[in-house]
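Novice: Can you read through this structure? Questions will come right after.
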Amino acid sequence: MSHAKTLGKLANGALKLQKCVLPATNHCRQASTSTNLKDVMEKIIPEKQKEVIEFRKKYGGAKVGEVTVDMMYGGMRGIRGLVTETSVLDPDEGIRFRGYSIPECQEKLPRAPGGEEPLPEGLFWLLLTGKIPTQEQVAAVTKEWNDRAGIPNHVITMLNNFPSKLHPMSQFSAAIAAMNSESKFAKAYAEGVHKSKYWELCYEDSMDLIAKLPTVAAIIYRNLYREGNPPDSIDKKKDWSWNYTSMLGFDDPKFVELMRLYLTIHTDHEGGNVSAHATHLVGSALSDPYLSFAAGMNGLAGPLHGLANQEVLVWTTKLQESLGGEVTDDQLRDFIWNTLKSGQVVPGYGHAVLRKTDPRYMCQREFALKHLPNDPLFKLVAQLYKVVPDILIEQGKAKNPWPNVDAHSGVLLQYYGLTEMNYYTVMFGVSRALGVLASLVWDRALGLPIERPKSFDTPGLKKLVGAS
Ligand SMILES: CC(C)(COP(=O)(O)OP(=O)(O)OC[C@H]1O[C@@H](n2cnc3c(N)ncnc32)[C@H](O)[C@@H]1OP(=O)(O)O)[C@@H](O)C(=O)NCCC(=O)NCCS
2 MSHAKTLGKL
12 ANGALKLQKC
22 VLPATNHCRQ
32 ASTSTNLKDV
42 MEKIIPEKQK
52 EVIEFRKKYG
62 GAKVGEVTVD
72 MMYGGMRGIR
82 GLVTETSVLD
92 PDEGIRFRGY
102 SIPECQEKLP
112 RAPGGEEPLP
122 EGLFWLLLTG
132 KIPTQEQVAA
142 VTKEWNDRAG
152 IPNHVITMLN
162 NFPSKLHPMS
172 QFSAAIAAMN
182 SESKFAKAYA
192 EGVHKSKYWE
202 LCYEDSMDLI
212 AKLPTVAAII
222 YRNLYREGNP
232 PDSIDKKKDW
242 SWNYTSMLGF
252 DDPKFVELMR
262 LYLTIHTDHE
272 GGNVSAHATH
282 LVGSALSDPY
292 LSFAAGMNGL
302 AGPLHGLANQ
312 EVLVWTTKLQ
322 ESLGGEVTDD
332 QLRDFIWNTL
342 KSGQVVPGYG
352 HAVLRKTDPR
362 YMCQREFALK
372 HLPNDPLFKL
382 VAQLYKVVPD
392 ILIEQGKAKN
402 PWPNVDAHSG
412 VLLQYYGLTE
422 MNYYTVMFGV
432 SRALGVLASL
442 VWDRALGLPI
452 ERPKSFDTPG
462 LKKLVGAS
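Counting from 1, position 441 in the sequence shown corresponds to residue 442 in my numbering; the numbering is continuous, with no gaps.
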C-alpha cells in the first residue's frame, strides 16, 4: 500500500476525530482551550494528517536538493532528508521552536509564580501542538507529570547496584531502556493494536517517561555524589524543574529558575542532530519510546554532541590549573593554540549547522550577566568568547568559530554548587526528552515509515559517478 494511502487510512480510521476538522464545532472550540493535552492533540492530528496527504499528493515528486559524493562521506551534512515538525534551526538566527525564538519563548511561555523564566512544561505543549499554552494548560501538564512520576522497583535496584565508575550517562541510558517494562506502546503492539492508535500509545509512553526522568536522574546523582541518600519524593504542588532541582538536593530559588531555563532551551534542535535523529531512527522500527529515547541518549553521550558540556568544564578547569586565576588574553591564546596543535577540538565552539553565536549561549550569558556578573569562572568564559573565535578563524578549519550552548551551561551549574561535571550531560538528556519525544509522537501520528536510506560502497559509488 502506498504511504499516501496508509495516511489516508489512518485519517479515515480516526473518524471520531475527522468530524472535528472543519467547520469548527463547539467540541473543537472546547478542545483548543482544553487543559487536556491529549484531547488537544486528537483535534490537531487529523488536520495535520490531511494537510500532509494533500501536500504529498500534489508535490510528492518535487525535488528538494541534490546529493554529492562529499555529502555522503561528510556525515550527510546539508542533505535535506528529514521532516521534523517541532523546531527548525536557521544557520544565522539559531533555533525556533514551532516558529518562536528563544527570547520570544521567554516572553510568551507561562512561568512559575514569581518566576522570570519559562516552564519547560509550556515548551513541551508548544512543541506538540504548535500553540503557546495558557497558564492552566501548563499547570495541567505539571499535574500529569507529577502523577506519572513513580519508577519501577527493578530500575531503582538496578541503579543502586551500578558501580560508581559507570558513567552517569551509561546509567541513565540503561535505566531508560529498562523502564520499557512499563511501555504501553510495546504491550499494545504485542496485542495487535491498530496503527491508527500508535500515536496515542507513543504519547502515553512519552508522558510517562518524561515524568519519570527527573527521579531517575536524581537517583544517579545522589548515588554517585551524595553517598547514596535517596532523593525526596515529588512535591505534587511544584513544577517539573522545581522537583528535579529539589531531588538533586538544591533549594536556591535562583537555581530553580536557571533549571527552568536550562530544561527549556536544551529540549530540541531540529531533527538531524545525533540525539534527535537516533531517537527518530530507532522509533521508525516501532521500537517503543523508551528504547528509542535510550538510543538518543547513547548519542547524546558522545563528546562531539551532548558530552561537550562536560568537556568544556574539564578543559576550562585544566586551563585554570595550568594558568592560575587571572589570565591575560595572550596566555589564553597560547593555551588554545596548544589545544589545537595537539589535535583536539576547542569544546563548546563550532556547530554543524549554526554559523553565528548560538542563541542558547546568549540567553545563558544574559542570565549570568544578571545573576553572577562577578563570578571568576563566568569572567573566564566571557574572556574565551572574546579570544577563541579569532583563533579558530585564523586556523581556518572550523566552519563556525562561534560558541554553542555547551560553552556556557557548565559555568552556571558550577556557580550554584552543582560542580560534578561528569553529570552535566544527564541534565541535558532530561531536557532533550521533551523535544525528541514530541517529535516521536508526530512521527507516529503522520505514519512515517521505517527509515532506510540507500548506502553504497566506494567501488559502487565510483561506478555511479563514472569514476571507474
Ligand atoms: C560541533 C562539531 C562536531 C561540528 O562538526 P562539523 O560540522 O564537522 O564542523 P566543521 O565542518 O566546522 O569541521 C571542519 C573542521 O574544523 C574542525 N573544528 C570544528 N570545530 C572545531 C573546534 N571547536 N575546535 C577545533 N576544531 C574544530 C573539525 O574538527 C574539522 O576538522 P577536520 O577537517 O580536521 O576533521 C565541531 O564544531 C566540534 O567538534 N566542536 C567541538 C565540540 C562541541 O562543542 N560539540 C557540541 C556541539 S553543540
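Where a beta carbon is used, it is the ideal one built from N, C-alpha and C, also for glycine.
What you are looking at is a predicted structure, and each value in this text was computed from that prediction instead of being measured.
Rounded to a whole number of angstroms, what is the C-alpha to C-alpha distance between Asn299 and Asp40?
Specialist: If you take the alpha carbons of Asn299 and Asp40, they lie about 32 Å apart.
Novice: Since I believe Ser182 is in contact with Pro153 (beta carbons under 8 Å), could you give me their beta-carbon distance rounded to a whole number of angstroms?
Specialist: Right, the Cβ-Cβ distance comes to about 6 Å (below 8 Å), so this counts as a contact.
Novice: Can you round the beta-carbon distance between Met248 and Ala219 to whole angstroms, since I take them to be within the 8 Å contact cut?
Specialist: 4 Å between Cβ atoms; contact.
Novice: Could you check whether the Cβ of Tyr350 sits closer than 7 Å to any heavy atom belonging to ligand 1?
Specialist: Yes, Cβ of Tyr350 sits closer than 7 Å to a heavy atom of ligand 1.
Novice: Please identify the residue among Val156, Ile235, Leu292 and Arg453 whose C-alpha is closest to the C-alpha of Ala178.
Specialist: It is Leu292 whose Cα lies nearest to the Cα of Ala178.
Novice: Which residue wins for smallest C-alpha separation from Leu413, given the options Thr280, Leu305, Lys255 and Leu320?
Specialist: The shortest Cα separation from Leu413 among Thr280, Leu305, Lys255 and Leu320 belongs to Lys255.
Novice: So what's Tyr101 in DSSP terms, helix, strand or just coil?
Specialist: The answer is strand: DSSP assigns Tyr101 an E or B state.
Novice: If you reduce the DSSP assignment to three classes, tell me which class Ser88 lands in.
Specialist: Strand at Ser88.
Novice: Please classify Phe457: is it buried, with 16 or more other beta-carbons within 10 angstroms of its beta-carbon, or exposed?
Specialist: Exposed, since its Cβ has fewer than 16 Cβ neighbours within 10 Å.
Novice: Going by Cα to Cα distance, which pick from Leu262, Met159 and Glu52 is closest to Arg112?
Specialist: Of the candidates Leu262, Met159 and Glu52, the one whose C-alpha sits nearest the C-alpha of Arg112 is Leu262.
Novice: Whose C-alpha, out of Lys400, His352, Val437 and Gly448, is nearest the C-alpha of Asp407?
Specialist: The candidate whose alpha carbon is nearest that of Asp407 is His352.
Novice: Does DSSP put Ile45 in a helix, a strand or coil?
Specialist: It is helical.
Novice: Assign Ile394 to one of three DSSP states: helix, strand, or coil.
Specialist: Helix.
Novice: When burial is assigned at 16 or more other CB atoms within 10 Å of the CB, is His281 buried or exposed?
Specialist: By the neighbour-count rule (16 or more Cβ atoms within 10 Å), His281 is buried.
Novice: Taking all protein chains shown into account, do 16 or more other C-beta atoms lie within 10 angstroms of the C-beta of Ser323, making it buried, or fewer, making it exposed?
Specialist: By the 10 Å Cβ count, Ser323 comes out exposed.
Novice: Should the region 203-210 be regarded as contacting the region 438-450, the criterion being three or more beta carbon pairs within less than 8 Å?
Specialist: Flag = yes, the region 203-210 and the region 438-450 touch.
Novice: I need the DSSP call for Pro121, collapsed to helix, strand or coil.
Specialist: Looking at Pro121 - three-state DSSP - the assignment turns out to be helix.
Novice: Spell out a yes or no on whether the region 329-344 and the region 377-395 are touching, meaning 3 or more CB-CB pairs, one atom from each, closer than 8 Å.
Specialist: Flag = yes, the region 329-344 and the region 377-395 touch.
Novice: Any heavy atom of ligand 1 closer than 7 Å to the CB of Ala295?
Specialist: Ala295 Cβ: outside cutoff for every heavy atom of ligand 1.
Novice: When DSSP labels each residue in this structure, what does Tyr199 get in the three-state scheme?
Specialist: Tyr199 falls in the helix class under three-state DSSP.
Novice: Please state whether DSSP places Gly193 in a helix, a strand or coil.
Specialist: It is coil, neither helix nor strand.
Novice: Return the chain-ordered list of same chain residues with a C-beta closer than 8 Å to the C-beta of Leu160, the five sequence neighbours on each side being excluded.
Specialist: Excluding residues within five positions, the ones whose Cβ falls inside 8 Å are Gln172, Ala176, Val217, Ile220, Ile221 and Asn224.
Novice: If you count every other CB in all the chains shown that lies within 10 Å of the CB of Thr246, and 16 or more means buried, which is it?
Specialist: Looking at its Cβ environment, which holds 16 or more other Cβ atoms inside 10 Å, Thr246 is buried.
Novice: Which residue comes first and which comes last in the alpha helix (DSSP H) that contains Tyr416?
Specialist: Per DSSP, Tyr416 belongs to the alpha helix (DSSP H) from Asp407 to Tyr416.
Novice: So the candidates are Met260, Gly307, Asp253 and Gly250; which of them puts its Cα closest to the Cα of Asn274?
Specialist: The candidate whose alpha carbon is nearest that of Asn274 is Gly307.
Novice: Would the C-beta of Leu393 count as close to ligand 1, meaning under 7 Å from any of its heavy atoms?
Specialist: Flag set: Cβ of Leu393 near ligand 1.
Novice: Could you give the distance in angstroms between the alpha-carbon of Ile451 and the alpha-carbon of Met170?
Specialist: Approximately 27 Å between the Cα atoms of the pair.
Novice: Leaving out five residues on either side along the sequence, give the residues of the same chain with a beta carbon under 6 Å from the beta carbon of His28.
Specialist: For His28, the pLDDT reaches just 39, beneath the cut-off of 50, and the residue's location in the model is therefore unreliable, leaving the point undetermined.
Novice: For the alpha helix (DSSP H) containing Gly284, list its first residue and its last residue.
Specialist: Residues Val275 to Ser285.
Novice: Pick from Val194, Pro104 and Lys239: whose alpha carbon is nearest that of Asn147?
Specialist: For Asn147, the nearest C-alpha among the options comes from Lys239.
Novice: Quick check on Asn13: does DSSP put it in helix, strand or coil?
Specialist: Caution applies to Asn13, whose pLDDT of 35 falls short of 50 and renders its modelled position unreliable; the model cannot decide the point.
Novice: Quick one: is Thr358 buried, meaning 16 or more other Cβ sit within 10 Å of its Cβ, or exposed?
Specialist: Classification for Thr358: buried.
Novice: Nearest to Glu105 by CA position, among Lys455, Leu447, Lys49 and Arg361, is which residue?
Specialist: Minimum Cα distance to Glu105 is reached at Arg361.
Novice: Check whether the Cβ of Asp407 lies closer than 7 Å to any heavy atom of ligand 1, and answer yes or no.
Specialist: Indeed, a heavy atom of ligand 1 lies less than 7 Å from the Cβ.
Novice: Looking only at DSSP bridge pairs, what is Arg112 linked to?
Specialist: Looking at the DSSP assignment, Arg112 forms a beta bridge with Pro119.
Novice: Please look up how many angstroms separate the CB atoms of Leu470 and Leu110, rounded, as I've assumed it's under 8 Å.
Specialist: Any property of residue 470 remains undetermined from this structure, which presents the chain solely from 2 to 469.
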